[in-house]
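Below you'll find the structure, written out as structure tokens, and then a few comments.
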Amino acid sequence: MNLKKISYVVLGCMGVGLGAVGAVVPMLPAFPFLMLAAYCFARSSQKLHAWFTGTKLYQNNLADYVAGKGMTWDAKRRVMLTITALMAFGFFMMLRKALTIPCAILAVVWVFHMVYFMAVVKTRKPEEEPTPLERGAVEGESA
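Everything in the sequence shown is counted per our numbering, starting at 83 for the first residue and increasing by one.
As structure tokens, this is what we get:
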């Protein structure tokens, strides 16, 4: 395994770890870390990628988004609130030091995030179609 693949494996493992913590801790977003893990594992090892995409963590948080089905409104709201809280903290810390240009840049980034999640990411209703995890549970019950 070359250095590039090893770096992807390490970053992917860090993404899974932080994503798992983020799935439990309300102020830490799981979504971006799991996206990092998916990206890194896809470029490092087919076995790791297959393992990761089969985990409940992936199925519950990313499977529908990656499949192009979008996110539920609750999931979008959770991501937007977390992003807002983390950016607000950074914004006020910079504002205390009178760093107006970085504050303006952060405000633009925040607006971009909000527009992206509200206008670009599709919103699906929870009852539209069961998640991959729910489909697996239904299939498992019939067997």
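Heads up, the beta-carbon is just placed ideally off N, CA and C, and yes, glycines get one too.
{"Query": "One question on the structure: do A29 and V98 come within less than 8 Å of each other, judged by their Cβ atoms?", "Result": "For residue 29 there is no data in the structure shown, the boundaries of the chain being 83 and 225."}
{"Query": "For T137, name the three-state secondary structure that DSSP assigns.", "Result": "coil"}
{"Query": "Check whether the region 185 to 192 touches the region 156 to 172, counting contact only when three or more Cβ pairs, one atom from each stretch, lie closer than 8 Å.", "Result": "yes"}
{"Query": "Can you name, in chain order, every residue of its own chain whose Cβ lies under 7 Å from the Cβ of T132, other than the five neighbours on each side?", "Result": "Note on residue identity: the sequence assigns Ala, not Thr, to residue 132. For A132, where only same-chain residues beyond five positions count, there are no Cβ hits under 7 Å."}
{"Query": "Can you name the residues that DSSP bridges to T205?", "Result": "M153"}
{"Query": "For F134, collect the residues of the same chain with a Cβ closer than 8 Å to its Cβ; drop the 5 residues on either side in sequence, then sort them by chain order.", "Result": "G94, V98, A119, A120, F123 and Y140"}
{"Query": "List the whole-angstrom C-beta distance separating F115 from K158, where the pair is believed to meet the contact cut-off of C-beta under 8 Å.", "Result": "Not really, about 17 Å apart at Cβ, beyond 8 Å."}
{"Query": "Put P111 into one of helix, strand or coil per three-state DSSP.", "Result": "coil"}
{"Query": "Less than 8 Å between the C-beta atoms of K204 and G172, yes or no?", "Result": "no"}
{"Query": "Taking all protein chains shown into account, do 16 or more other C-beta atoms lie within 10 angstroms of the C-beta of S126, making it buried, or fewer, making it exposed?", "Result": "buried"}
{"Query": "According to DSSP, is N142 helix, strand or coil?", "Result": "helix"}
{"Query": "Who are the near neighbours of G150 in its chain, counting only those whose CB is closer than 8 Å to its CB and skipping five residues on each side?", "Result": "K204"}
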